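Undergrad: Below you'll find the structure I mean.
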Amino acid sequence: MTGASDTSAAKMPLHYLENASRQRKTRVLLLAGTSEARHLASALTRESYVVMTVSLARPEHRPHQYGWPVRIGGWGDETAYRDWLIREGIDAVIDATHPFATEMALRTARIAPELGISAMRLLRPAWMPKEDDNWTFLNVPEDAAAHMAPDATVFLATGRRDLERFANLDGRKVYCRVRSKPSSPFPFENGAYEVRRGPVSVDDEIDLFDDLKVDWIVTRNSGGQGGWPKLEAARVLGIKVAMLRRPPPVDMVKIASVAETLKWVRRRR
Numbered sequence: 001m002t003g004a005s006d007t008s009a010a011k012m013p014l015h016y017l018e019n020a021s022r023q024r025k026t027r028v029l030l031l032a033g034t035s036e037a038r039h040l041a042s043a044l045t046r047e048s049y050v051v052m053t054v055s056l057a058r059p060e061h062r063p064h065q066y067g068w069p070v071r072i073g074g075w076g077d078e079t080a081y082r083d084w085l086i087r088e089g090i091d092a093v094i095d096a097t098h099p100f101a102t103e104m105a106l107r108t109a110r111i112a113p114e115l116g117i118s119a120m121r122l123l124r125p126a127w128m129p130k131e132d133d134n135w136t137f138l139n140v141p142e143d144a145a146a147h148m149a150p151d152a153t154v155f156l157a158t159g160r161r162d163l164e165r166f167a168n169l170d171g172r173k174v175y176c177r178v179r180s181k182p183s184s185p186f187p188f189e190n191g192a193y194e195v196r197r198g199p200v201s202v203d204d205e206i207d208l209f210d211d212l213k214v215d216w217i218v219t220r221n222s223g224g225q226g227g228w229p230k231l232e233a234a235r236v237l238g239i240k241v242a243m244l245r246r247p248p249p250v251d252m253v254k255i256a257s258v259a260e261t262l263k264w265v266r267r268r269r
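The sequence shown: position 74 = 74 (the working numbering), numbered continuously.
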């Protein structure tokens, strides 16, 4: 019986094998955390050949919006990440994390070629100054102080995690935008948190910056529409902008839009 079964399997019709091949799913890992990642995940729910896992570095308010199984937290070290990719049979990795979050992109760029996995980075275009903008480009946060008057009022739109890197702004009035009120006090004597959860409009930003008498806005060149209102407001009010440059590019295929990323995935069927 066993031998007959084996022989029968070995003589499967060619069209059966072709159908089985066509029915194989493309297993995708989406490194998420941006609006582009959410839009891409939604679009891929309509691609019947895709099986995807969404990875988030930290919990989000509504992880169910991705429409796919969500994995929260990193892999620890590079070996654990490689083992997971092998165990899950991943065919393609899409890094749609924040432009300044390069750790996973660097890992993927090292590991994916070794494993024969396709990999790309969905990287939205950087902002470019327009006429009447007054931008100063910075390499690191510590460079900001050298460009600002000792009595300047500075608005940090860079988040709380990098706040300590602006410690040399001593003597200046410093505001730092956060989404929720921190449990610990503001680390600088002459400063405060500005708690506000987006989205915000250009008019909202104009009113806020005018009320706070802001002289400088410090922001990262994240690109995209979500952070653009503060730059429009700065132009209207004549506020100077200290723009942090993006990290050096990772050696990986880069695509600037969700639509083009969909085409890239379809070519991996």
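Note that beta-carbon positions come from the ideal geometry of N, C-alpha and C, so glycine has one too.
It should be emphasised that the depicted structure is a prediction, and the values quoted were computed from it without experimental measurement.
Beta-carbon within less than 8 Å of residue 68's beta-carbon, same chain only, minus the 5 sequence neighbours each way: which residues are those?
TA: The answer, listed in chain order, is 30, 41, 44, 45, 52, 53 and 54.
Undergrad: Which ranges does the alpha helix (DSSP H) cover as unbroken runs of at least 4 residues, wholly within the region 196-228, from first to last along the chain?
TA: You should have 202-212.
Undergrad: Go through the region 101-136 residue by residue and report every complete run of the alpha helix (DSSP H) that reaches 4 residues or more, in order.
TA: 103-115, all fully within the region 101-136.
Undergrad: Straight-line CA distance for residue 119 to residue 255?
TA: When rounded, the distance between both Cα atoms is 11 Å.
Undergrad: How would you call residue 219, buried or exposed, if buried means at least 16 neighbouring beta carbons within 10 angstroms?
TA: Residue 219 is buried by the Cβ-count criterion.
Undergrad: Does residue 299 come out as helix, strand or coil in the three-state DSSP assignment?
TA: Any answer about residue 299 is impossible in this case: the structure gives the chain only from 1 up to 269.
Undergrad: Using beta carbons (cut-off 8 Å, strictly below), is residue 163 in contact with chain C?
TA: As a matter of chain content, chain C is missing from the structure shown, which is built from one protein chain.
Undergrad: Hey, would you say residue 257 sits closer than 8 Å to residue 229, going by beta carbons?
TA: Going by C-beta atoms, residue 257 is not nearer than 8 Å to residue 229.
Undergrad: Does the count of Cβ pairs from the region 203-211 and the region 225-242 closer than 8 Å reach three?
TA: Segments in contact, yes.
Undergrad: Under 8 Å, do residue 241 and residue 134 count as touching if we go by C-beta distance?
TA: Cβ distance < 8 Å, so residue 241 and residue 134 count as in contact.
Undergrad: Counting only the same chain and skipping the five closest in sequence on each side, list residues whose C-beta sits under 6 Å from that of residue 173.
TA: Cβ within range, chain order: 153 and 190.
Undergrad: Can you tell me which of 183, 236, 203 and 158 puts its alpha carbon nearest to the alpha carbon of residue 130?
TA: The candidate whose alpha carbon is nearest that of residue 130 is 236.
Undergrad: Just to confirm the assignment, what range does the beta strand (DSSP E) spanning residue 242 have?
TA: Element bounds for residue 242: 240-244.
Undergrad: What's the call for residue 123, buried or exposed, on a 16-neighbour Cβ count within 10 Å?
TA: Residue 123 should be labelled buried.
Undergrad: Sorted by chain position, which residues of the same chain lie with C-beta nearer than 6 Å to residue 109's C-beta, five sequence neighbours on each side aside?
TA: So the qualifying residues of the chain are 250, 251 and 252.
Undergrad: In angstroms, rounded to a whole number, what distance separates the CA positions of residue 65 and residue 35?
TA: Their backbone Cα atoms lie some 11 Å apart in a straight line.
Undergrad: I'd like to check one pair, residue 87 with residue 111: are the Cβ atoms closer than 8 Å?
TA: Contact flag unset, no.
Undergrad: Alpha carbon to alpha carbon, what distance is there between residue 138 and residue 101?
TA: C-alpha separation (whole angstroms): 17 Å.
Undergrad: Just the C-alpha distance for residue 148 and residue 25, rounded to the nearest angstrom, thanks.
TA: If I take the Cα positions, the gap works out to 55 Å.
Undergrad: Assign residue 72 to one of two classes, buried (16 or more other C-beta atoms within 10 Å of its C-beta) or exposed (fewer than that).
TA: Counting Cβ neighbours within 10 Å, residue 72 comes out exposed, since fewer than 16 surround it.
Undergrad: If you follow the beta strand (DSSP E) that residue 169 is part of, which residue opens it and which one closes it?
TA: No beta strand (DSSP E) contains residue 169, which DSSP labels as neither H nor E.
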